[in-house]
Amino acid sequence: MAGTDPIHQFVIYDIFELFTLGGDGTEGSGTTFAFTNSALFMVLTVATITLFLLLTTSGKKLVPTRAQLTSELLYEFVAGMVRSSAGTAGMKFFPLVFSLFTFIFAANMFGMVPYFFTVTSHIIVTFALSMLVFLTVIIYGFVKNGPKFLKLFVPAGVPGYILPIVTPIEVISFLSRPISLSVRLFGNILAGHITLKVFTGFAVMMIAGLGAFGWAAAILPMLMAIALTGLEFLVGAVQAYVFAVLTCMYLNDAIHPSH
Amino acid sequence: MARGMRIGTEFIAAVLVGAGLGYLIDLGLGTSPWGLLILLLMGFAAGILNVIRVVAEMNAASPAPKGADLGPEAEDEERNEN
């Protein structure tokens, strides 16, 4: 049945082609870069956040209006998160964490609108975000601490003869961070959206297959879908928060590398 | 669900990274299958380490309520609370 394919919502298609790299000019050679629906929703997400922040903070009143207050609450929320996890020294990474949090949050909320594409349901997007965090941690860690950054892999108070075993484990544990960070966000969003689609698909199938009785029975999966919609809003917000908190904690390792 | 997902991904990611690293080492040095075997087990260890850290952090975030019965104090165990 055409309408009930739960995976169809993740299909990426080209809206228009941008340019082609390499190839010999013939059709189908080289790598073509195109503006896809995924890119469209990333642009929409960023534009929405930028417009929201610009409009709500344009008044700059001492006693804030309701709109200004939401922006200020957003700032305070992320700033509190950075300060508590990474200390005041971590505040220089506030723009990074704030951008990541608002981007993922807005993208997840965009994804909850019917017929909209969910950017974070593709692992390459979440992996790119987590690699950004990971590389920031490594580069900043080495720039700020030099070779002392490697102390991260040598836990304090471990006797010398265990170190050859513990250090590789710590290294693997460190390298697994971008994977777990990206898989968690991607998995939650993907699974949630598929579940939602499967349950609403049940309703469509029942109505198509059972007629009048199907209309009555379809209430059950629709109730489930309503509950799941609420849950998905929660999951989208929580996952954005978790991503931001873990970013802060990893940045904390770069700022203070000793355990 | 968010918690379970967190613990699960932390564990699986470490195992995958360990296996991937081992496979790459085997490819590079031609030591198949030892790199994969050893690093896979190291990955399991790293996964357990990740899980322990996550759970310790979750426990620290939600301490037991005051007056809750936590059982007898451990006398012969060295505890390092951090």
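Protein sequences appear in the order of chains V and Y.
First residue of the first sequence? That's 738 in our numbering, and the numbers climb one at a time after it.
First residue of the second sequence? That's 5 in our numbering, and the numbers climb one at a time after it.
Built from N, CA and C at the ideal position, the CB exists for glycine as well.
Check, Outcome
"Using a Cβ cut-off of 8 Å (strictly closer), state whether M738(V) contacts chain Y.", "Its pLDDT being 45, under 50, M738(V) is placed unreliably in this model, and the value from its coordinates should be taken loosely. No, M738(V) lies away from the interface with chain Y (no Cβ there is under 8 Å from its Cβ)."
"Which of the three DSSP states, helix, strand or coil, is assigned to T855(V)?", "coil"
"Pull up the distance between the alpha-carbon of L20(Y) and that of G796(V), whole angstroms please.", "50 Å"
"Which of helix, strand or coil does DSSP assign to A771(V)?", "strand"
"Give every residue of the same chain whose Cβ lies closer than 8 Å to the Cβ of G894(V), excluding the five residues on either side of it in the sequence, and list them in chain order.", "none"
"M924(V) CB to nearest chain Y CB: under 8 Å?", "Rather than Met, the amino acid found at residue 924(V) in this sequence is Gly. By this cut-off, G924(V) is an interface position."
"Would you kindly check if the distance between the Cβ of F830(V) and the Cβ of V819(V) is under 8 Å?", "yes"
"If we define contact as Cβ-Cβ less than 8 Å, is I956(V) a contact residue for chain Y?", "no"
"Roughly how many angstroms lie between the CA atoms of F854(V) and I902(V), to the nearest whole one?", "45 Å"
"Would you say R727(V) reaches chain Y, if we count a Cβ-Cβ gap shorter than 8 Å as a contact?", "Residue 727(V) cannot be examined here, being either before or after the span of chain V that is shown, 738 to 996."
"Any C-beta of chain Y within less than 7 Å: which residues of the region 895-912 of chain V qualify?", "P905, I906, I909, S910, L912"
"From which residue to which residue does the alpha helix (DSSP H) around D990(V) run?", "956-992"
"Helix, strand or coil for L933(V), going by three-state DSSP, please let me know.", "helix"
"For D742(V), which of helix, strand or coil comes out of DSSP?", "coil"
"Check each residue of the region 875-890 of chain V: if its Cβ is closer than 8 Å to any Cβ of chain Y, include it; give the result in chain order.", "none"
"Helix or strand or just coil, what does DSSP make of T752(V)?", "With the sequence shown as reference, residue 752(V) is identified as Ile, and Thr is not the correct amino acid for it. Three-state DSSP puts I752(V) in a strand."
"Go ahead and pull the three-state DSSP assignment for T785(V).", "helix"
"Let's test the definition: count the other Cβ atoms within 10 Å of the Cβ of I56(Y) and tell me whether it reaches 16, buried, or not, exposed.", "exposed"
"Mind pulling the chain Y residues with CB within less than 9 Å of S808(V)?", "Here the premise fails: no neighbours, minimum Cβ distance about 26 Å."
"Report the residue from V982(V), P892(V), V748(V) whose alpha carbon sits nearest the alpha carbon of L833(V).", "V982(V)"
"Please list, in chain order, the chain V residues whose beta carbon lies closer than 7 Å to that of M46(Y).", "P905, I906, I909"
"Do F923(V) and I876(V) have their CB atoms nearer than 8 Å?", "no"
"From S766(V) to S858(V), what distance separates their C-alpha atoms?", "29 Å"
"Judging by CA-CA distance, which residue of K885(V), D990(V), L837(V), N925(V) is the nearest neighbour of R1023(V)?", "Shown here, chain V extends from 738 to 996; a query on residue 1023(V) therefore has no answer."
"Taking its Cβ as the centre, do 16 or more other Cβ atoms sit within 10 Å of S36(Y), making it buried, or is it exposed?", "exposed"
"Under 8 Å, do M779(V) and G973(V) count as touching if we go by C-beta distance?", "no"
"Check the Cβ-Cβ distances between S858(V) and every residue of chain Y, and say whether any is below 8 Å.", "no"
"Between the beta-carbon of A928(V) and the beta-carbon of A940(V), is there less than 8 Å?", "no"
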